[in-house]
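>
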Amino acid sequence: MHKIESKDVHLYYGSFHALKGISIVIEKNTVTALIGPSGCGKSTYLRLFNRMNDLIDNVKIEGQCLIDGKNIYSREINIEDLRKRVGMVFQKPNPFPKTIFENVAYGLRVNGITHSTFIEERVERSLRQAALWEEVKDKLKKSAMELSGGQQQRLCIARALSIEPSVLLMDEPASALDPISTAKIEELIYELKSEYTIMIVTHNMQQAGRVSDYTGFFYLGELIEFDTTKKIFTNPTDTRTQNYITGRFG
Amino acid sequence: MTHLDIELKSLKTDMLEMFSLVKNQLEKTKDALTSLDKDLAREVMVNEKRVNGFELKLDRDCENIIALLNPVAVDLRFVLAALKINSNLERVGDIADGIAKFVLNIKLDVEPQLLQTTRLVEMFEIAIGILKDVMEAFDKEDTALARSVFKKDEVLDEINVDANTAVAEFIRANNDRINQSLYTLSTIRKLERVGDQCKNIAEEIIFYVEAKVLKHKSLSQKEELPGETKN
Numbered sequence: 001m002h003k004i005e006s007k008d009v010h011l012y013y014g015s016f017h018a019l020k021g022i023s024i025v026i027e028k029n030t031v032t033a034l035i036g037p038s039g040c041g042k043s044t045y046l047r048l049f050n051r052m053n054d055l056i057d058n059v060k061i062e063g064q065c066l067i068d069g070k071n072i073y074s075r076e077i078n079i080e081d082l083r084k085r086v087g088m089v090f091q092k093p094n095p096f097p098k099t100i101f102e103n104v105a106y107g108l109r110v111n112g113i114t115h116s117t118f119i120e121e122r123v124e125r126s127l128r129q130a131a132l133w134e135e136v137k138d139k140l141k142k143s144a145m146e147l148s149g150g151q152q153q154r155l156c157i158a159r160a161l162s163i164e165p166s167v168l169l170m171d172e173p174a175s176a177l178d179p180i181s182t183a184k185i186e187e188l189i190y191e192l193k194s195e196y197t198i199m200i201v202t203h204n205m206q207q208a209g210r211v212s213d214y215t216g217f218f219y220l221g222e223l224i225e226f227d228t229t230k231k232i233f234t235n236p237t238d239t240r241t242q243n244y245i246t247g248r249f250g
Numbered sequence: 001m002t003h004l005d006i007e008l009k010s011l012k013t014d015m016l017e018m019f020s021l022v023k024n025q026l027e028k029t030k031d032a033l034t035s036l037d038k039d040l041a042r043e044v045m046v047n048e049k050r051v052n053g054f055e056l057k058l059d060r061d062c063e064n065i066i067a068l069l070n071p072v073a074v075d076l077r078f079v080l081a082a083l084k085i086n087s088n089l090e091r092v093g094d095i096a097d098g099i100a101k102f103v104l105n106i107k108l109d110v111e112p113q114l115l116q117t118t119r120l121v122e123m124f125e126i127a128i129g130i131l132k133d134v135m136e137a138f139d140k141e142d143t144a145l146a147r148s149v150f151k152k153d154e155v156l157d158e159i160n161v162d163a164n165t166a167v168a169e170f171i172r173a174n175n176d177r178i179n180q181s182l183y184t185l186s187t188i189r190k191l192e193r194v195g196d197q198c199k200n201i202a203e204e205i206i207f208y209v210e211a212k213v214l215k216h217k218s219l220s221q222k223e224e225l226p227g228e229t230k231n
């Protein structure tokens with residue numbers, strides 16, 4: 001069974017046909033990068049997998065999106081349960097105006113967990129996984145707003161990890177960060193794949209090369225090419241992919 | 001350790017395996033020639049396919065590191081050096097294969113007198129020694145050891161030049177052994193080229209460690225002490 005799969009997915013924003021028959025198979029513990037010019041549908045595709053597109057008016061979705069073999073758009077699926085299994089990290093760090101500790105503990109508390117030792121252990125584990133623990137362990141009670149942009153983004157990753165999802169969706173997680181923070185996030189992604197299946201949207205092609213095992217190139221709502229990142233970056237099959245990754249268009 | 005560090009470490013391990021593979025080929029070729037062991041010569045010829053296969057794998061690995069991980073500065077120089085050293089090593093493998101073919105085709109033993117006057121066995125030992133030196137220099141990033149290769153290669157050049165006279169004299173005295181003499185001379189030429197390949201490898205090691213380009217420089221310029229441009 002594949003970890004994530006989409007079968008002939010079409011998505012419409014009103015009359016606009018944003019995704020045109022996307023079929024992708026993603027295996028467990030891999031990193032998949034989605035690349036393509038602005039408006040190509042890559043973020044729309046990513047958001048399918050925690051049903052964030054449901055929040056937009058006039059959206060119509062056809063086809064199947066499966067996680068662990070189950071169609072996440074079927075009626076039996078509880079969206080809250082789905083979002084526990086599928087974490088999301090956004091372009092700009094969006095910590096809550098709370099302490100560092102409470103930011104990470106938040107997901108656990110809203111899920112009804114009250115056992116303080118359990119919460120403390122899980123907060124530490126999540127911060128360690130997000131490679132932030134050593135930097136914040138002595139100031140857990142300080143406001144998350146005092147952290148740098150790069151630290152805030154790793155805090156948001158720790159927050160997403162605290163409820164132990166199996167899938168992590170990342171929408172340009174490093175595009176608002178400086179090069180050093182970006183490098184840290186990239187190393188983090190590389191390390192996290194041993195425990196999570198990660199899908200990342202990025203505008204930075206070098207980043208896609210550095211962090212991912214598979215890459216999908218989207219253009220005008222179509223999936224032009226999906227292959228191993230090695231293949232895409234050394235010998236892509238489609239001329240449009242080649243032109244995009246070499247910077248000749250897009 | 002970063003993703004790039006992991007890939008570079010793995011590339012270095014594989015490069016050392018390639019060094020080892022080629023060194024074994026040259027050692028076996030020497031043994032095959034001195035004892036005229038045709039089975040050993042065949043083994044070298046079979047192993048040549050492994051050398052070629054490994055060259056392709058290393059080329060691919062370097063290509064992937066450059067395309068996916070964008071190395072810069074010392075990391076980029078390391079990958080570029082590895083790419084060229086890989087090609088040099090494959091050439092040394094080809095030379096071992098060529099000599100092994102000669103061992104397989106030769107009808108009689110190589111005349112001991114010819115071996116002695118041409119210093120063929122000594123040449124083999126020096127060539128293997130130089131290859132071991134560049135392997136160690138690559139492993140330990142030892143540019144002093146890499147520099148020592150330039151001088152040693154001169155001995156190979158000297159033997160190569162002297163061999164002309166030695167072979168000519170041998171042919172004059174043994175004109176029924178012309179083929180054997182020519183094969184011997186051809187082997188000496190090949191071993192001289194092993195020295196050249198190792199010299200290229202030494203230059204690449206210095207390029208990667210010290211960021212100095214020694215290509216097309218004279219021996220005295222090459223032997224200068226390392227500067228402070230290391231990074």
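Just so you know, the sequences run in chain order A and B.
Numbering (my numbering) for the first sequence: 1 to 250.
Numbering (my numbering) for the second sequence: 1 to 231.
C-beta: ideal position from N, C-alpha, C; glycine also.
What do you get for B/Leu8, buried or exposed, if any count of 16 or more other CB atoms within 10 angstroms of its CB means buried?
With 16 or more other Cβ atoms within 10 Å, it is buried.
> Indicate whether the contact test is met: 3 or more Cβ pairs, each with one atom in the segment 68-85 of chain B and one in the segment 205-224 of chain A, closer than 8 Å.
Yes: the two stretches touch, three or more of their Cβ pairs being nearer than 8 Å.
> Determine the chain B residues that contact A/Tyr196 at a beta-carbon separation under 8 Å, and present them in chain order.
By Cβ distance, chain B contributes nothing, its closest Cβ being about 16 Å from A/Tyr196, past 8 Å.
> Go to A/Ser23, then tell me how far its beta strand (DSSP E) extends in each direction, as first and last residue.
Note, A/Ser23: beta strand (DSSP E), Phe16 to Ile26.
> With distances taken Cα to Cα, identify the nearest neighbour of B/Ala202 among B/Gln116, B/Glu43, B/Glu158 and B/Ala81.
Checking every option, the nearest Cα to that of B/Ala202 belongs to B/Ala81.
> Grab the span of the alpha helix (DSSP H) containing A/Ser6 for me, first residue to last.
No alpha helix (DSSP H) contains A/Ser6, which is instead part of the beta strand (DSSP E) from Ile4 to Tyr13.
> For A/Asp138 and A/Ile100, I'd like the C-alpha separation in whole angstroms.
Each residue's alpha carbon lies about 11 Å from the other.
> Got a sec: is the Cβ-Cβ distance from B/Thr165 to anything in chain A below 8 Å?
It does not; no Cβ of chain A falls within 8 Å.
> Please classify A/Cys40: does DSSP put it in a helix, a strand, or coil?
Reduced to three states, the DSSP call for A/Cys40 is coil.
> Following the continuous alpha helix (DSSP H) through B/Glu27, name the residue where it begins and the one where it ends.
Where B/Glu27 is concerned, the enclosing alpha helix (DSSP H) stretches over His3 to Thr34.
> How close, in whole Å, do the beta carbons of B/Val103 and B/Lys23 come, if the pair is a contact with beta carbons under 8 Å?
Contact doesn't hold; Cβ gap of about 18 Å is too wide.
> Whole angstroms is fine: what's the gap from A/Ala176's alpha carbon to A/Val89's?
The alpha-carbon atoms of A/Ala176 and A/Val89 are separated by roughly 13 Å.
> Helix, strand or coil: how does DSSP classify A/Ile163 here?
Of the three classes helix, strand and coil, the one that applies to A/Ile163 here is coil, per DSSP.
> Measuring straight from C-alpha to C-alpha, what distance separates A/Leu46 and B/Leu40?
Using only the alpha carbons, I get a separation of about 59 Å.
> Flag this pair as yes or no: are the beta carbons of A/Leu161 and A/Leu155 separated by less than 8 Å?
Not closer than 8 Å, so no.
> Can you tell me whether B/Leu26 is buried or exposed? The criterion is at least 16 other CB atoms within 10 Å of its CB, across all chains shown.
Per the 10 Å Cβ criterion, buried.
> Quick check: what's the CA-CA separation for A/Ser181 versus A/Gln129?
Computed Cα separation, rounded: 16 Å.
> Would you report the Cα separation of A/Gln153 and A/Pro95, rounded to the nearest angstrom?
C-alpha separation (whole angstroms): 8 Å.
> Count the other C-beta atoms from every protein chain shown that fall within 10 angstroms of the C-beta of B/Ala296, then say buried if there are 16 or more, exposed otherwise.
In the structure as shown, chain B starts at 1 and stops at 231, and residue 296 of chain B therefore has no counterpart that could be examined.
> From B/Asn47, B/His216 and B/Ile205, pick the residue whose C-alpha is nearest to that of B/Lys140; which is it?
Out of B/Asn47, B/His216 and B/Ile205, B/Ile205 has the C-alpha closest to the C-alpha of B/Lys140.
> Identify, in the order they occur along the chain, each residue of the same chain with its Cβ nearer than 7 Å to the Cβ of B/Asp31, setting aside the five sequence neighbours on each side.
Once the five neighbours on either side are set aside, the close Cβ partners of B/Asp31 are Asp37 and Leu40.
> Among B/Asp162, B/Asn164, B/Leu131 and B/Ala163, which one has its Cα closest to the Cα of B/Val149?
Among B/Asp162, B/Asn164, B/Leu131 and B/Ala163, the Cα nearest to that of B/Val149 is on B/Leu131.
> Taking the alpha carbon of A/His17 as the reference point, which residue from A/Ile24, A/Thr202, A/Ile61 and A/Lys231 has its own alpha carbon closest?
Per the Cα distances, A/Ile61.
> So what does A/Val86 bridge to, in DSSP terms?
Paired residue(s): A/Val167.
> Where do the N-terminal and C-terminal ends of the alpha helix (DSSP H) with B/Phe138 fall, by residue?
Residues Leu120 to Lys140.
> Compute the beta-carbon to beta-carbon distance between A/Pro165 and A/Val110, rounded to the nearest angstrom, for a pair I have assumed lies under 8 Å.
That pair is no contact at about 14 Å.
> I want to know whether the segment 156-163 of chain B touches the segment 121-130 of chain B - three or more CB-CB distances under 8 Å.
Flag = yes, the segment 156-163 of chain B and the segment 121-130 of chain B touch.
> Of all the CB atoms in chain A, is at least one closer than 8 Å to the CB of B/Leu68?
Yes, contact with chain A.
> Is A/Glu225 helix, strand or coil when you go by DSSP?
Here A/Glu225 sits in strand by DSSP.
> Thinking just about the alpha-carbon of each residue, which of A/Tyr12, A/Pro97, A/Cys65 and A/Tyr73 is nearest to the one in A/Ile56?
That would be A/Tyr12, whose Cα lies nearest to the Cα of A/Ile56.
> Verify the CB distance criterion: does B/Glu63 have a CB-CB separation below 8 Å to chain A?
Interface residue, yes.
> Excluding the 5 residues flanking B/Thr29 on each side, which residues of the same chain have their C-beta closer than 6 Å to its C-beta?
Within the same chain, B/Thr29 has close Cβ partners Val44, Ala96, Ile99 and Ala100.
> Whose C-alpha, out of A/Val201, A/Glu222, A/Ala105 and A/Asn71, is nearest the C-alpha of A/His10?
Comparing Cα-Cα distances from A/His10 to each of A/Val201, A/Glu222, A/Ala105 and A/Asn71, the minimum goes to A/Glu222.
> Count the other CB atoms within 10 Å of the CB of A/Gln151; is the residue buried (16 or more) or exposed (fewer)?
Burial call: buried.
> Taking all protein chains shown into account, do 16 or more other C-beta atoms lie within 10 angstroms of the C-beta of A/Ser120, making it buried, or fewer, making it exposed?
The sequence as given places Glu at residue 120 of chain A; Ser does not occur at that position. So A/Glu120 counts as exposed.
> Going by DSSP, which residues form a beta bridge with A/Phe217?
Answer is A/Ile35 and A/Glu225.
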